[in-house]
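Only one structure is covered here, and it is reproduced in the block below.
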Amino acid sequence: MPEHPSAPAHPSPDDRPSRRHFVPSSPSWRVALPHSAAAVPVARALVRTALTELEHTADCDTAELLTAELVANAVEHAVGRGPIELVVELLPTGCHVEVHDPDPDPPGGLTRPGLAAPDPWQEHGRGLLLIRALSSACGHRVTASGKAVWFRLSAGPPRLRPA
Numbered sequence: 021m022p023e024h025p026s027a028p029a030h031p032s033p034d035d036r037p038s039r040r041h042f043v044p045s046s047p048s049w050r051v052a053l054p055h056s057a058a059a060v061p062v063a064r065a066l067v068r069t070a071l072t073e074l075e076h077t078a079d080c081d082t083a084e085l086l087t088a089e090l091v092a093n094a095v096e097h098a099v100g101r102g103p104i105e106l107v108v109e110l111l112p113t114g115c116h117v118e119v120h121d122p123d124p125d126p127p128g129g130l131t132r133p134g135l136a137a138p139d140p141w142q143e144h145g146r147g148l149l150l151i152r153a154l155s156s157a158c159g160h161r162v163t164a165s166g167k168a169v170w171f172r173l174s175a176g177p178p179r180l181r182p183a
């Protein structure tokens, strides 16, 4: 059988599978969001839809709240105007949500032990506390284009479907 004329006889190093191009076997979504407040409701809707349409057992309300906090933090604090990227992965053990932004600086207080409670009169400063308190795990990592801030929620008991 003749080879396709445009196909290389041997794959180049760039064609080989790598961890960078790994496609997870779990359902996942990756979407670019604008670096504006309009990104927050879009991110909330995506997470809610992903968890409810697939009847996933992670807590939708908590996932939606924590996603909104991560996206709002990226919009408010990340330097530059580049897009924000939302990654949602549904796992058998729960869900993993990441928000990528172009700012490599770590989010203050997300993983620092002994974070003090904010001033009760202060209007900001509770988002990372919520993420730490309500997620099963959270953190951040530097990426080639900035950073990714993430959280995980454990799966809950199976949902009962209405009769």
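To convert, take the position in the sequence shown, counting from 1, and add 20; that gives my numbering.
Yeah, the Cβ is synthetic: ideal placement off N, Cα and C, and Gly gets one too.
Separation of residue j from residue i, as counted between CA atoms
i	j	result
Val169	Asp81	19 Å
Ser156	Cys115	10 Å
Gly100	Arg50	20 Å
Pro126	Arg161	8 Å
Ala70	Val95	22 Å
Gly147	Ser45	31 Å
Val67	Val108	7 Å
Whether residue i touches residue j by CB criterion (8 Å)
i	j	result
Ala88	Gly176	no
Three-way DSSP call (helix, strand, coil) for residue i in this model
i	result
Val99	coil
Thr113	coil
Thr77	coil
Ala83	helix
Val43	Here Val43 scores only 47 on pLDDT, less than 50, and its place in the model should not be relied on; the value that follows carries that caveat. Coil.
Ala175	coil
Where the beta strand (DSSP E) containing residue i begins and where it ends
i	result
Gly147	Not the beta strand (DSSP E): Gly147 falls in the alpha helix (DSSP H), residues 147-154.
Ser56	Premise fails: Ser56 is in no beta strand (DSSP E) and is neither H nor E.
Gly159	157-163
The alpha helix (DSSP H) enclosing residue i, as first and last residue numbers
i	result
Ala70	59-73
CA nearest to the CA of residue i, picked from the options
i	options	result
Ala65	Ala83, Gly159, His55	Ala83
Asn93	Glu118, Pro112, Ala153	Glu118
Ile151	Pro61, Leu173, Lys167	Leu173
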